[in-house]
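Below you'll find the structure, written out as structure tokens, and then a few comments.
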Amino acid sequence: MYFKSATLAILLASSGPNSNVDAFGIAPTMIKSTSFVPRASIMRSTQIMQPRTQSSSSSSRMMTMFGGGSGGIIELQQFIELKEKSNPVTKKLGKSPKLWKMASTVAIPAAAVVGGLVMPSRRLAVDVIGGAVTGVGALIGKSRLDIETESAALPALAQAIVDNGVDNIDMAQGEVENVKDTFGVNDEDFADMCKDVYKTYLIGMVRNPMAKTSELGELKNLKTILELDNLLVGEAHAAAAEEFYRQLTKVTSEEDLRDDEDHPDRMSLDKFLFLSERSFKQGGETEEAFKYEMSRIAKAFGGLSLSDVLERVAEVAEPFYRRALASTRSKLDTGAVNSDMLARARATLGIEESVAADLHVQTFADEVKSLLGTVDGEGFEVEIDSADVKFPAGSMDRLAQLQEVLGLTEEDASYEISSEANRHFEGVALEAMEGAISGDMTPEDAWEAIATRRDDLCLKEESMKSLLTSIVMQALGKPLEETLTYAKVNNEQQVYEKLLDALEAKLACFAVLQLSGWEDFDESHFFDPTNSNSASGFIDEADRMKMYQIFLVRSVRNSESGEELTDDMFDEVQEVQSMLGIGDAEAQVQFRKSFGPALSKELQIAVFEVTGDDYTPALVENLKKKIDAVIENYRLPADMVKEFAASNYNKAVEIINQKSPSGIPTPERMEALDKLRDLLQLEKEATYAPHMQCFGRSYRTGVLEALGGTGVIRPEFRQPLDDLRDRLGLPEDATKKIFLEAIEEKMIPMVEFLGTELERTMLTQQQLAQKKGKDFGEDMFKSGKGAAVRCVVCMNCAVFSVCCVSCVVAGLPFTTIDIFLGFL
261 MYFKSATLAI
271 LLASSGPNSN
281 VDAFGIAPTM
291 IKSTSFVPRA
301 SIMRSTQIMQ
311 PRTQSSSSSS
321 RMMTMFGGGS
331 GGIIELQQFI
341 ELKEKSNPVT
351 KKLGKSPKLW
361 KMASTVAIPA
371 AAVVGGLVMP
381 SRRLAVDVIG
391 GAVTGVGALI
401 GKSRLDIETE
411 SAALPALAQA
421 IVDNGVDNID
431 MAQGEVENVK
441 DTFGVNDEDF
451 ADMCKDVYKT
461 YLIGMVRNPM
471 AKTSELGELK
481 NLKTILELDN
491 LLVGEAHAAA
501 AEEFYRQLTK
511 VTSEEDLRDD
521 EDHPDRMSLD
531 KFLFLSERSF
541 KQGGETEEAF
551 KYEMSRIAKA
561 FGGLSLSDVL
571 ERVAEVAEPF
581 YRRALASTRS
591 KLDTGAVNSD
601 MLARARATLG
611 IEESVAADLH
621 VQTFADEVKS
631 LLGTVDGEGF
641 EVEIDSADVK
651 FPAGSMDRLA
661 QLQEVLGLTE
671 EDASYEISSE
681 ANRHFEGVAL
691 EAMEGAISGD
701 MTPEDAWEAI
711 ATRRDDLCLK
721 EESMKSLLTS
731 IVMQALGKPL
741 EETLTYAKVN
751 NEQQVYEKLL
761 DALEAKLACF
771 AVLQLSGWED
781 FDESHFFDPT
791 NSNSASGFID
801 EADRMKMYQI
811 FLVRSVRNSE
821 SGEELTDDMF
831 DEVQEVQSML
841 GIGDAEAQVQ
851 FRKSFGPALS
861 KELQIAVFEV
871 TGDDYTPALV
881 ENLKKKIDAV
891 IENYRLPADM
901 VKEFAASNYN
911 KAVEIINQKS
921 PSGIPTPERM
931 EALDKLRDLL
941 QLEKEATYAP
951 HMQCFGRSYR
961 TGVLEALGGT
971 GVIRPEFRQP
981 LDDLRDRLGL
991 PEDATKKIFL
1001 EAIEEKMIPM
1011 VEFLGTELER
1021 TMLTQQQLAQ
1031 KKGKDFGEDM
1041 FKSGKGAAVR
1051 CVVCMNCAVF
1061 SVCCVSCVVA
1071 GLPFTTIDIF
1081 LGFL
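Numbering (our numbering), first residue to last: 261 to 1084.
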């Protein structure tokens, strides 16, 4: 056996003087050729090994150049060291892999020859047996040598990545192919090795919880160098997730990994999720494949949901894009940034458009604050007097340029500028308005201060209007708030005075606004009760009505007579009505409530006097003066007066009716009603209803009396009926209806009598019995002997009918003849 080992050692030492192999302590020697290995093969092996010798001396320099402090490179180095420590032969095999392959190839024939030589015998059988025994031993050694050689391919592949990095794809790809060819690994096994290297590199990257955008490029390049397809990348990420999570849970609780967002290990998991999501998306995975791969990782990380995973990915990606936006602001003046660059950054980081839009708006707002000087370079607020805040020259041009790069709409940009500038404008504008209200500033001076501040903050006209509207509401809301406080405790005098103060404040504010030249300031907008932000919007309806009524009554009470609302006072009342947001219908209700009793009192006196026994035309004139004075002094609306007048006139008609026992008032009393109607300024048509109610029955009685017992109205009675209608103040249409109802009452019995008699004349007793349903006795005229008598009866009925019709028709108006004939 010693001879066999020596022979094998001699073969291993034949790699030449440039080889680093020093197997078993025997120095290498140059072998020009052997009977087992041609010289060409030895030369190829030498050429292959030379670059490896050179790269070994500069490995640390190459690592710094390509990998630097990359966690993936460091993890691969540790992986290589671990492999070499666990199997020292791996290191030796990795230095001359082809030589070891050739050694395994020539080991069997060489051992057989040597075996025959070391067992000399005159018998050929003995030599053959010796060669066979040593050949079998060499076969066993060859299998072991092949396994060790292939196991050394994985660390050699990792070493190729460490030496060449991932930036130079072409160089690294060449080295990877060299490893595959050198170690003679088949495609399937080599793909698994590449997957393991990718997995190891990925784990090394995520050990550092701080994510870097360059790592996305590293993984992409590594995938290209190792020629991994999407399936193998997914397998590598899933395997890395399981292994990495298992390592973390040994030192960190699952609760911290799930809930503590600031824990370094939790940050490493989030970084892993981010890198995986980007790798799958950039690799062109389908939506189904993407969900599948991410779900595998989510399951490996403690059973996370896919929505939680994507949310954590977004939390990692957004800070990168924020830094890109910050860089955009810093490089804006150089012209080196544009919207396309930001679009590429979003695509790289996987930032959704909706999220990007919010970040763009925030970036624009940060730039506005920076230009105003309210924040420092780090974005922290600085203490500065609000009155000194203003945009430097050229700010609007810079903001317009940033708006274009960020792709913001004009509306969004204007809003961000105004929202930040408004709070610095508001203080000066409010101070100017309060100065104008107090009288410390003239409206001109107040407007000058407001306009100057507007220019300093580059506010647009629309923003200016909106802000001034809010400021005016705020300025006017203060005295109204004080007024409400006094109204709650029923301090009417203070309510009245505070409302006057509010009116003065309103006039002062509007005087300032008029200097702006704007024409679209609607007063109702400032005092809209439906808008909680308006000057009176905070006051509920009941309190507003109460304040208005107090001011209305106090205004009258403070007049010289104490019973009138002067022109100036009435104007003030209308201004308060507008300021409190009270409509005309609501205001009329308050007038009725406050001054209705006074009007009603005068009207009742007029009714009592006119319907009394002491009525004279002069009395009516005096009453009219008093009623007109109440209406004028209290500025009572016409609709309200007419309503009160109508109800009181109805009472007067009832009184007159009660004082007329016959139901027909005397001409003097009817004259008094006419005067009262004129006094109350009522139209005649408005009085028909109460007259019909009280006097309609009297007219009906008159018609029935005119008809008499025969139902015939004689011509001399027709005119008195018309006179009665006019005297009672009844409308013609209504009296016509009463007239017809009275005739109907007279004529129906007569027509029924005629009908009955005609039936008895024309029908037999038997026919009458069948029709009426009762027995009419024996028919005396059945034989025909009484025909003369029956004819006489018929003749009498006919004559009676014609007479009735002729008489009644002669007594009816022409227009009612057709109606009467309808009775027949």
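Even for Gly, the Cβ is constructed at its ideal location relative to N, Cα and C.
- Looking at the DSSP output, E641 bridges to V635.
- Inter-residue distance for T961 and F868 is about 29 Å (C-alpha atoms, whole angstroms).
- Only buried fits K766, as 16 or more other CB atoms lie within 10 angstroms of its CB.
- Going by C-alpha positions, L508 is about 15 Å away from D519.
- Check the Cα spacing between Q419 and each of Q337, A500 and D828: the tightest is with Q337.
- By alpha-carbon distance to N751, the top candidate from K725, F811, G737 and H785 is F811.
- For Q1025, the uninterrupted alpha helix (DSSP H) run begins and ends at Q1025 to K1032, by DSSP.
- Membership of T745 in the alpha helix (DSSP H) is indicated by the continuous run E721 to K748.
- Collapsing the DSSP output to three states places W778 in coil.
- In this structure the region 729-738 touches the region 693-702; the number of beta carbon pairs closer than 8 Å is three or more.
- With 16 or more other Cβ atoms from the protein chains shown falling within 10 Å of its own Cβ, E478 counts as buried.
- Inter-residue distance for E676 and G595 is about 23 Å (C-alpha atoms, whole angstroms).
- Here N791 has G797 as same chain residues with Cβ atoms under 6 Å from its own Cβ, once five neighbours each way along the sequence are excluded.
- Counting along the chain, I973 sits inside no alpha helix (DSSP H), nor does DSSP assign it H or E at all.
- The beta carbons of V573 and L533 sit about 5 Å from each other, so the pair counts as a contact at 8 Å.
- In chain order, L859, I891 and Q941 place their CB closer than 8 Å to the CB of V901, counting only its own chain and leaving out the 5 sequence neighbours on each side.
- Pairing L763 with M656 gives a Cβ-Cβ distance that is not under 8 Å.
- Here F640 is exposed: its Cβ has fewer than 16 other Cβ atoms, across all protein chains shown, within 10 Å.
- With contacts defined by Cβ atoms closer than 8 Å, S599 and V665 form a contacting pair.
- If you draw a 10 Å sphere on the C-beta of T995, you find 16 or more other C-beta atoms in it, and that means buried.
- Taken in chain order, the complete alpha helix (DSSP H) segments of 4 or more residues contained in the region 494-544 are 514-519 and 524-542.
- The DSSP-derived three-state label of R467 is coil.
- E547 has its alpha-carbon roughly 21 Å from the corresponding atom of D530.
- If you draw a straight line from the Cα of S539 to the Cα of A711, it is about 56 Å long.
- Under a 10 Å Cβ-count criterion, L933 is classified as buried, with 16 or more other Cβ atoms of the shown protein chains found around its own Cβ.
- Three or more beta-carbon pairs separated by less than 8 Å link the region 879-894 to the region 819-829, which places the two stretches in contact.
- A straight-line Cα-Cα distance of about 48 Å links W778 and E575.
- Residue range E670 to S698 is occupied by the alpha helix (DSSP H) that includes G695.
- Here the alpha carbon of D1035 sits roughly 48 Å from the alpha carbon of D993.
- Nearest C-alpha to D938 among K884, R929, I924 and P921: K884.
- A471 counts as buried, since at least 16 other C-beta atoms from the protein chains shown sit within 10 angstroms of its C-beta.
- Pairing N917 with S958, the inter-Cα distance amounts to about 10 Å.
- One Cα belongs to N446, the other to L585, and the distance between them is close to 48 Å.
- Leaving aside the five residues that flank E553 on each side, the residues in its chain whose CB is nearer than 8 Å to its CB run, in chain order, G494, H497, A498, S536, F540 and E545.
- Cα atoms of P897 and D844: separation of roughly 10 Å, rounded to the nearest angstrom.
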